[in-house]
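Structure first, then comments.
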Amino acid sequence: MFLRTLVVSGFKSFAEAKIDFPNGITAVVGPNGTGKSNIVDAILWAMGEQSVKSLRSERMEDVIFNGTEQRKPMGMVEASLIFSEVTSRELEPVSAILEGLDQPTDVMITRRLYREGDSEYYFNKIPCRLKDIRGFLWNARAGARGQSVIEQGNIEQLLSASPQERREFIEGTAGIIRYKKQKAEALRKLQSTENNLLRVRDILGEVRGQLRTLNRQAKQAEEYQAFLREARELEVQLLTHDFRRFYQDQCQFENELQESESQELSCLTEEARLVAEHQTVQLELTSASETLKEAQDRFREIEQQLSHAFTAIQIERNRLDQYEQQHEQVMEERARLNGEGREATGSLEALRERLAQIRCEMEILSVTLEEGEGGIADLAVRRRETAEKVDKGRETILALAVEKTNQENRLRSIAEGQSSMARRIERLAVEYTQSQNDQTTLQAESEALRQESSSLESQLDALRNNQDRLEVNLQSQRETREELDEKILDLQTQAAGAESELRAIQSVFREAIGYGHHGEGDEASIRVACSSIQEALAERMEVPEDVEKAIEAVLGDRLQAWIVQSSQEAELSIAQFKQHEWGRGSFIPLNIPRQGPKGTADWWNIIQHDPEVRGLAINFVQVPDELKPVIEALLGNTVIVRSLSGALHLMTEHSWFQGNGPLLVALGGELVSPSGIISGGSGGEAGGLLRRRREILTLEEKLNSLTVGLEEAKANRKTLLQEIEDVSRQLEEATLSIREMEFHMLTIQKEVSSKEKALPDLLRRLDALQQDRLAEEEEWGQLQVEEVEVQTRLEHLNQTRAHEDEALRQLLDALNTLDQERQDMLQSLNDTRMNFQALKSQWDYEQANVERIEREEEHRNTRIRQIDGQLEHLFLQSRKSQEERLTNESLVEELDIQKEAVAGTLLELQNRHAGCMEEVKRLDGLIGKARETLSHIFKSRVPIEGRLAEVRAKFRAVEETLTMTYEISTDDLKNPPDAGQIAEGLEGSEQASEEKTGQWREQLQSIRKKLERIGPINLAAIEEHAQLEERYQFLLAQEEDLAGSIQSLQEIIQRLNQTTNKLFAETFKELQVKFSEVFSALFAGGRAELILVEDTQEGQESEGPNLEPGVEIVAQPPGKRLKNLNMLSGGEKTMTVMALLFASFLIRPSPFCVLDEVDAPLDETNVVRFGQFLRQMADRSQFIVITHNKRTMETANSLFGVTMEDPGVSKLIAVRLHELEEVS
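Under the numbering used here, residues 44 to 1267 are what the sequence shown spells out, in order.
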């Protein structure tokens, strides 16, 4: 089988596409984003992929084509895969679908999805289930996603997979997934069956209790019925009379009702006929309406076309009139523009003369302005020179003032410096003396701190040694505590399990003995009411395990007998059981003298050495001394033999079937009595009592042992915790002392270090203070010299300042004179400028008028040329409009002819439609009359039915009383009685007098009062008991069937486990070989192997490894050491995983394989090897490769290109022998 064709419609970016895949290697190429991978998604989707994530979508509806700007979205998506050369074996899972059809060699599977969410599957266009398609693909070895479709994500998953996940990959290769699904289904069925079995057993327990209760109620009902017999005889006669009267009334009303129903049936038949005829006429009416509508639509269409034609003719006429009006308007505008042009020529000449006059006046004023501006410039030069002299004088005076101020400030600074210096010299002397004193103190304190630090170090070493010793002790004690905790937890778990098991067995044991049988007396109530009861016999016996069944078979229900001291106590206990309705109970009084059977020695001497004889039963039973007489009386004549056949042989051989021999019991529980009775089979309620008693004793002993061990462990733990607490407290105290001492020592060390650092600083400070004092004294002398120099400089500055102030005053007077002259010249110049500006504005205005007139002239000429063109256009439009009008007039004539023909047809159809409407109205009237008649019949039936229902209710009440209460058949009572019929057992008959009837009623009332005083009784208990017994037997059969089903399912699961383990082992071995071969081929050497490793479940390391080992990959590329997969380079990892995938494919080859860009991470060399390996495998299977690599393309036999000529729509191009063939 191979994949021949993929057909998609509306899948993602493919609106429509069909790909015919040839055998060999097919490459699909194209730029990113064109939809190459959508082909892979389409194949997966058609094969039934349900994971939206695997299809690179958020919702399943996202795979439907959503449309583009040019194409509408589609409402559904459909993908089909066509397979060729399909064999009959591959078609086995779908044989039911193809039943009765010829076996096909070509198969098409189709999947369809609507936007509403509805999904459909087809097999050869036949609707089917997803399960059918998956079964077909699995059988054809194309259903495993890892083998049929290999994506780059598969490689990444295997790279990051855990050993257990890699095992799942190999299981997929081995085909184990199918068996695992079967196993999961079997486990689900097993769980369901076990749950059903538990429910059935719960119901069985309830039904047993109900059976006991109903059994007691049935006996009470029999006693109650005996008392009711008299009341029954009285009621029967009265009820018989009422029964016959109600029966006659019922027959009368039923006859009337039957007649009414006949009339109703006749009317219904007529109504149905009329409705059928009405539907026929209605269909004809619908057909006529549709035909009429079509004719009316055609008639309206013709009228609409005529209207459009008339409108077009009128429009063309209006256009001609409009064109003529536009022609006249344009001609008038052309004449107006010619006149305006002539007027504008005259105005233009006058303006040009005025412009020449204004230009002459402007030239005169321009000369005057030049002369005035020259005088102002000369004056400005003289003023600038004077102003510069003024500025220099001011700068000189300012400099003198600044220098004077500086000298005065310097003089004050010298005075302040002398005062400050005197204070500093005095302070330096004081600091020098203080620093000498500090040096002496610091040296003494440093020596004292060193001595204290040495003492603390010795104390700290002792404390640290003590701390280490305490930590070692504490760690040892904690380890011991953890061991004790584990031991306590283990003991608690064992004790809880033993206690739970003990409670369960005790509950079953006590229920089997007779305590708490669903509403009967529980242990507490029995103990309170019957204080003399000690224990049941089974609770006081101990029997070896191998003879338990034999002893239980002999004693039977007597194992449940309660032990009391005397027969009087037994009598009182039986009375309490009756009073509380606890059922029956057996009692063993200890005060009754008992004697064992006689003649034991006679037959025992004969058989005691026989190999079939196990021994006397009494020798195997251990009981308290007070019960030994009871056991001797019960088992003294009983011998235990090994088998039933041996017992029969002994009985026959010694002729003990005549009543003179012992009771023989086999180890399996079979009894052979001297009376000739042979008993056997499964045990009753007492079955297993001794076994459970033994289990209880064993569990109690185990629980006591565990409890003692647990208490000892807890006591040891408590003592250890106290010791840990003491050591922890000592350790904390030691740690605290160490920290305090370390802190104190650190403080001392810091102080020593600080003082040692401070001593050099102090020495340097003494030296600095001495140097500072000498420097200050030297500077004092310099300041005195500088003070004399500053005073001399101040006297010279005062004289120079007076001379400079007089020169500045003279320069300021000259500057004021020049400013006045400049102001007068500027005023004259401004007047001339204003006159010049006025002339220039007038010139600009006239020049603008000239330019405006020239522009208007140009616009007029342009408009005249436009008018000439517009006249020509109007002429052409007028001629075109006339032609259009003539065409529409011809169309009107043709449409008039069509309109007359359609109007005739329309009239015929309207007549036909009207006839149908009349027929429908007529039938509606007849149907209405029929329904009115039905309504009238129904209304007349209502009171009859009401009276009939009332009579039937009374009749049924009487009939139920006779049949259910008194169990009297009413068939004979429906016939009129003979005149001489007399009620059996009663005085009088139906003809009895009113007086006698009154007496009967009084007697009946009296009996009923007595019954009321008795209380409620379940009269149906006997029948319910029988039904419940039947249900009980049915549930027993169900329990047996469910138990058998569980065993069968467990065997199936075991077989599946064996099969999967065998398949995995075989596949793993074969894959190991293939993996090594493919790895060597892809790497041109080296070796690789798969290793089974124990994979622990996360978070459950303590619980041991997983039962199924995982798989680890190790590889040794050429020239390197053997490494784990995670230690290889990125390219080596990819090639190794590809080798594993190809090896898996070689073991379980799929008919086709899709490779989606798996060569993307490979380099040039590895791509070449990849292509070579593909060519080698192409003979075995068909490959479809999605790729961007040119080397891979060269490997392919066929090439498909994916493009997007239209945005958002993928398109396929097939390339064969360099010829392009468009395929979609």
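Every residue gets a Cβ at the ideal spot worked out from N, C-alpha and C, and that includes glycine.
Check whether the Cβ of residue i lies closer than 9 Å to any Cβ atom in chain C.
{"i": "Glu591", "result": "Considering every chain present, this structure includes no chain C. It has just one protein chain."}
Report the rounded CA-to-CA distance for residue i versus residue j, giving the unit in angstroms.
{"i": "Gly1251", "j": "Thr77", "result": "8 Å"}
{"i": "Glu135", "j": "Phe179", "result": "7 Å"}
{"i": "Tyr164", "j": "Arg47", "result": "19 Å"}
{"i": "Glu1002", "j": "Glu273", "result": "19 Å"}
{"i": "Glu563", "j": "Gly626", "result": "Note that Glu563 scores 40 on pLDDT, short of 50, meaning its location in the model is unreliable and no value can be drawn from it."}
{"i": "Ala1314", "j": "Arg210", "result": "Outside the modelled stretch of the chain, which goes from 44 to 1267, sits residue 1314, for which no answer is possible."}
{"i": "Gly1153", "j": "Lys592", "result": "49 Å"}
{"i": "Ala1182", "j": "Arg99", "result": "26 Å"}
{"i": "Gln813", "j": "Leu492", "result": "31 Å"}
{"i": "Arg955", "j": "Pro170", "result": "46 Å"}
{"i": "Met151", "j": "Met44", "result": "12 Å"}
{"i": "His846", "j": "Ile457", "result": "30 Å"}
Under the three-state reduction of DSSP, which class applies to residue i: helix, strand or coil?
{"i": "Pro206", "result": "helix"}
{"i": "Val985", "result": "helix"}
{"i": "Glu525", "result": "helix"}
{"i": "Val586", "result": "coil"}
{"i": "Arg1212", "result": "helix"}
{"i": "Gln665", "result": "strand"}
{"i": "Ser123", "result": "strand"}
{"i": "Asp1199", "result": "strand"}
{"i": "Val129", "result": "coil"}
{"i": "Gly1153", "result": "strand"}
{"i": "Phe1243", "result": "strand"}
{"i": "Trp625", "result": "coil"}
{"i": "Asp161", "result": "coil"}
{"i": "Thr1013", "result": "coil"}
{"i": "Glu830", "result": "helix"}
{"i": "Gly540", "result": "helix"}
{"i": "Leu277", "result": "helix"}
{"i": "Ser350", "result": "helix"}
{"i": "Ile107", "result": "strand"}
{"i": "Ile28", "result": "As shown, the chain starts at 44 and ends at 1267. That puts residue 28 outside it, with no answer to give."}
{"i": "Gly143", "result": "coil"}
{"i": "Ser1277", "result": "Any property of residue 1277 remains undetermined from this structure, which presents the chain solely from 44 to 1267."}
For residue i, collect the residues of the same chain with a Cβ closer than 6 Å to its Cβ; drop the 5 residues on either side in sequence, then sort them by chain order.
{"i": "Ala660", "result": "Leu678, Thr681 and Ile683"}
Looking only at its chain, what residues have a beta carbon closer than 7 Å to the beta carbon of residue i, apart from the 5 residues adjacent to it on each side?
{"i": "Glu1146", "result": "At Glu1146 the pLDDT is 39, less than 50, meaning the model places this residue with poor confidence; the figure from the coordinates comes in the next sentence. Counting only Cβ-Cβ distances below 7 Å, and skipping sequence neighbours, we find nothing."}
{"i": "Leu380", "result": "Arg903, Arg906 and Ile907"}
{"i": "Gly658", "result": "Ile683"}
{"i": "Phe353", "result": "Val935"}
{"i": "Ile910", "result": "Val373, Glu376 and Arg377"}
Who are the near neighbours of residue i in its chain, counting only those whose CB is closer than 8 Å to its CB and skipping five residues on each side?
{"i": "Arg402", "result": "Trp886"}
{"i": "Arg974", "result": "Glu314"}
{"i": "Val597", "result": "Ala660, Leu677, Leu678, Thr681, Leu706, Val708 and Leu714"}
{"i": "Tyr366", "result": "Leu917, Gln920, Ser921 and Ser924"}
{"i": "Asn841", "result": "Lys447"}
{"i": "Leu408", "result": "Thr875, Asn878, Phe879 and Leu882"}
Report the start-end ranges of each beta strand (DSSP E) in the stretch 429-494 that is 3 residues or longer and not cut off at the edges.
none
Could you tell me whether the stretch 844-851 touches the stretch 394-401, where touching means 3 or more Cβ pairs closer than 8 Å?
no
Are the stretch 521-540 and the stretch 743-761 touching, with three or more C-beta to C-beta distances below 8 Å?
yes
Would you call the stretch 312-320 and the stretch 882-898 touching, i.e. three or more CB-CB distances under 8 Å?
no
Cβ pair count under 8 Å reaching 3, the stretch 539-546 against the stretch 831-843:
no
Taking three-plus beta-carbon pairs below 8 Å as touching, is the stretch 976-986 in contact with the stretch 363-383?
no
In chain order, which continuous runs of the alpha helix (DSSP H) of length 4 or greater are located wholly inside the stretch 50-96?
79-89
Report yes or no: do the stretch 112-123 and the stretch 153-168 share at least 3 C-beta pairs separated by less than 8 Å?
yes
If contact is defined by three or more beta carbon pairs under 8 Å, each pair taking one atom from either stretch, is the stretch 1079-1089 in contact with the stretch 239-251?
yes
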